[in-house]
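Chemist: Heads up: the protein sequence lines correspond to chains V and F, in order. Note that our numbering has the first sequence beginning at 11, numbered continuously upward. Note that our numbering has the second sequence beginning at 439, numbered continuously upward.
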Amino acid sequence: EAGVAQSPRYKIIEKRQSVAFWCNPISGHATLYWYQQILGQGPKLLIQFQNNGVVDDSQLPKDRFSAERLKGVDSTLKIQPAKLEDSAVYLCASSSQGIPLGQYFGPGTRLTVT
Amino acid sequence: AQSVSQHNHHVILSEAASLELGCNYSYGGTVNLFWYVQYPGQHLQLLLKYFSGDPLVKGIKGFEAEFIKSKFSFNLRKPSVQWSDTAEYFCAVRRGSTLGRLYFGRGTQLTVWP
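1. At 4 residues or longer, and completely inside the region 458–508 of chain F: list those alpha helix (DSSP H) runs for me, N to C.
2. What residues in the region 40–65 of chain V bring their beta carbon closer than 9 Å to a beta carbon of chain F?
3. How many Å lie between P552/F and G118/V at the Cα?
4. Identify the contact partners of K496/F in chain C, using a Cβ-Cβ distance below 8 Å as the criterion.
5. Checking contacts by CB at 7 Å: is P117/V closer than that to chain F?
6. Let me know the secondary structure DSSP gives S441/F once reduced to three states.
7. Tell me which residue opens and which closes the beta strand (DSSP E) that I57/V is part of.
8. From which residue to which residue does the beta strand (DSSP E) around R533/F run?
9. Which residues does DSSP pair with G63/V in a beta bridge?
10. Can you tell me which residues form a DSSP beta bridge with H448/F?
11. Which residue's Cα is closest to the Cα of S28/V: P91/V, A98/V, R120/V?
12. Using a Cβ-Cβ distance cut-off of 7 Å, determine whether G112/V contacts chain F.
13. Please identify the residue among R539/F, G534/F, E526/F, G538/F whose C-alpha is closest to the C-alpha of N446/F.
14. In three-state terms, what does DSSP make of G453/F?
15. Specify the secondary structure class of L121/V as computed by DSSP and reduced to three states.
16. Could you give the distance in angstroms between the alpha-carbon of F75/V and the alpha-carbon of G50/V?
17. Report the CB separation of F512/F from C461/F in whole angstroms; it is logged as a contact under 8 Å.
18. Can you have a look at H631/F and say buried or exposed, based on whether 16 or more other CB atoms are within 10 angstroms of its CB?
19. Nearest to L87/V by alpha carbon, out of L94/V, E78/V, K93/V?
20. What residues from chain V crowd round S471/F, counting only those whose CB sits closer than 7 Å?
21. For G543/F, which residues in chain V fall below 7 Å Cβ to Cβ?
22. Name the residues in the region 522–534 of chain F whose C-beta lies less than 7 Å from a C-beta of chain V; which are they?
Here you go:
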């Protein structure tokens with residue numbers, strides 16, 4: 011089966027600019043996660059969707075980050091305006107509501123804010 | 439707050455040496471436990487998982503991990519490493535819900551010399 015798809019793979023922007031990342035989960039996976047992985051640290055959850063509803067966004071900096079999953083399939087994460095400390099890899103993952111096999115991760119988008 | 443500790447940040451071994459990577463977590467309730475691996479240039483992949491039952495779980499590529507509830511630990515082991523095991527290894531913990539967020543450790547970089 012196809013894995014989790016993400017684009018773009020790399021993005022360089024200046025601070026105060028905006029950026030958007032796209033994720034397409036594994037077909038049939040109802041749960042979608044966005045993680046932020048700063049260099050030297052493990053991934054940290056930003057937001058979790060169950061179908062098109064938000065389950066957990068407690069760690070999302072809502073003054074600048076937003077995410078949506080309008081049709082319960084693919085999702086977009088946006089940062090506006092970006093700060094230097096937003097430089098990180100943004101990972102998308104998905105999981106099935108059925109057999110709990112864990113979360114499947116995409117390749118990530120590496121964001122550099124200059 | 440939930441935390442996951444990985445004791446070793448960088449481990450260097452020769453081929454055929456035995457491996458043990460430590461992982462401890464702080465949550466006292468029911469947990470699901472995972473080890474993920476990230477090979478150079480690739481995305482995070484599930485290595486093994488523990489949900490319930492036998493505390494000794496076997497994963498792919500000869501890896502195994504033991505859940506010791508009294509020690510809040512889930513150490514990863516492999517009796518004989520190969521050069522191809524060079525990667526970053528992340529321990530992750532999820533509270534009882536099968537769809538909840540994962541809390542990741544900061545990762546351990548394993549380098550295996552041929």
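For each residue, glycine too, the CB sits at the ideal point set by N, CA and C.
Modeler: Once the coordinates are examined:
1. none
2. A40, T41, Y43, Y45, Q47, G50, Q51, G52, P53, K54, L55, Q58, Q60, V65
3. 30 Å
4. In summary, chain C is missing from the structure at hand, where the protein chains are V and F.
5. yes
6. coil
7. 54–60
8. 525–533
9. Q60/V
10. Q547/F
11. P91/V
12. yes
13. Ranking the options by Cα distance to N446/F, first place goes to E526/F.
14. The sequence shown places Glu at residue 453/F, rather than the Gly named in the question. E453/F falls in the coil class under three-state DSSP.
15. strand
16. 22 Å
17. 5 Å
18. Residue 631/F is absent from the structure shown; chain F starts at 439 and stops at 552.
19. E78/V
20. Note that residue 471/F is Leu in the sequence shown here, rather than Ser. In chain order: nothing, as chain V lies at least about 10 Å away.
21. G52
22. F528
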